[in-house]
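Note that full-length UniProt numbering has the sequence shown beginning at 1, numbered continuously upward.
Just so you know, even glycine gets a beta-carbon here, dropped at the ideal spot from N, CA and C.
Here the structure is a predicted model, which is why all the values come from computation and not from measurement.
Each remark here refers to the structure printed beneath this line.
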Amino acid sequence: GLVKYKKVPKNRILARVNFNYYMFRDRDGVAYFGNKGTMRMVANPDVVIKGDPCWGFTHEAGHVLQMRPQITWGGLTEVSCNIFSMYTRGKMGNESRLKAQKNYDKARKNIIESKPKKSYLQDSDVFNRLVPFWQLHLYFSRNGKPDFYADVMEKMRNRPDAGRGDDSIRNQFQFIEICCDVGQLDLTDFFDKWGFFYVGEFEVKDYRTYRYKITQKMVDDCKSSIAKNGYEKSAADLTLIED
């Protein structure tokens, strides 16, 4: 939403060479290994727009752009950055990575069909965790709201985050409410199927361990806030959408 809302900063994302590790993001920007193979992948314009090179480049840039903690609560460090990766790779004409890796089927089996019920955050595969976030983009971009995530992120930018550390999970519920507001739909069934309303205590290993406690009150408050708006529910089952 930086372009749409005229918030593109005057500076650029710094990309530099390093001699210790393949690719990573840090506080300075993004770094790529300074050997011939990696430099060919990220610095050759004919190569970087295709396949794995395109993913690697956009994934690290996505880390710079992901909003923390608003859309990067614990467990999403290697997930929300890939919203940008998926979008950019698609625009470059590449096949969807979620489709190629069969993550749609895997995610539905491992999360939606899980017994007992679990949170999407309890799935160890970060690409499975990405599925519901990408399905929102697919649905709304096909139904008259191509700027869905631009609008969601703008709303999140303009309000305080809901919590950090072990309380960062509260941003999940703020995200759900904003998605419903932007989409003008009651999406609670969709989020419920993906385990966003899972009640209980569990740990999530990210670059640190998060210990979450999700109460029934947190879920009820979120659903109640959405219900007050009187949005219609989607006629389509968004959990079945694929590229």
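Anticipated Cβ contact below 8 Å, residue i with residue j, distance rounded
i, j, result
"D186", "K233", "5 Å"
"F202", "Y212", "6 Å"
"V182", "V199", "About 26 Å; that fails the 8 Å criterion."
"G51", "N94", "6 Å"
"F133", "I169", "In fact, because the Cβ distance is near 15 Å, the residues do not count as touching under 8 Å."
Burial state of residue i, where buried means 16 or more other Cβ atoms lie within 10 Å
i, result
"F175", "buried"
"G165", "exposed"
"P45", "exposed"
"A61", "buried"
"L98", "buried"
"N171", "buried"
"D26", "exposed"
"T215", "exposed"
6 Å CB neighbourhood of residue i in its chain, flanking five on each side removed
i, result
"I49", "M92"
"N18", "A31"
"F57", "V42, V48"
"L2", "V8"
Same chain only: Cβ atoms within 8 Å of residue i, ignoring 5 sequence neighbours per side
i, result
"D123", "A107, N110, I111, R129"
"Q101", "F127"
"E177", "C222, S225, I226"
"Y207", "T77"
Proximal residues to residue i (C-beta, below 7 Å), its chain only, five neighbours per side dropped
i, result
"K118", "I111, G195, Y198"
"G34", "V17, N18, F19"
"F148", "L136, H137, F140, S141, V182, G183"
"T72", "Q66, S80"
"E242", "K99, Y104"
Complete runs of the alpha helix (DSSP H) confined to the segment 109-175 [at least 4 residues]: 126-141, 148-157
Three CB pairs or more closer than 8 Å across the segment 55-71 and the segment 155-166: yes
- request: Return the chain-ordered ranges of every beta strand (DSSP E) run that is complete within the segment 195-224 and spans a minimum of 3 residues.
  value: 200-205, 209-214
Quick check for students: name the residue ranges of the alpha helix (DSSP H) that lie wholly in the segment 43-96, counting only runs of 4 or more.
51-65, 81-91
Quiz item: Are the segment 136-145 and the segment 32-47 touching by the rule of at least three beta carbon pairs closer than 8 Å?
Solution: no
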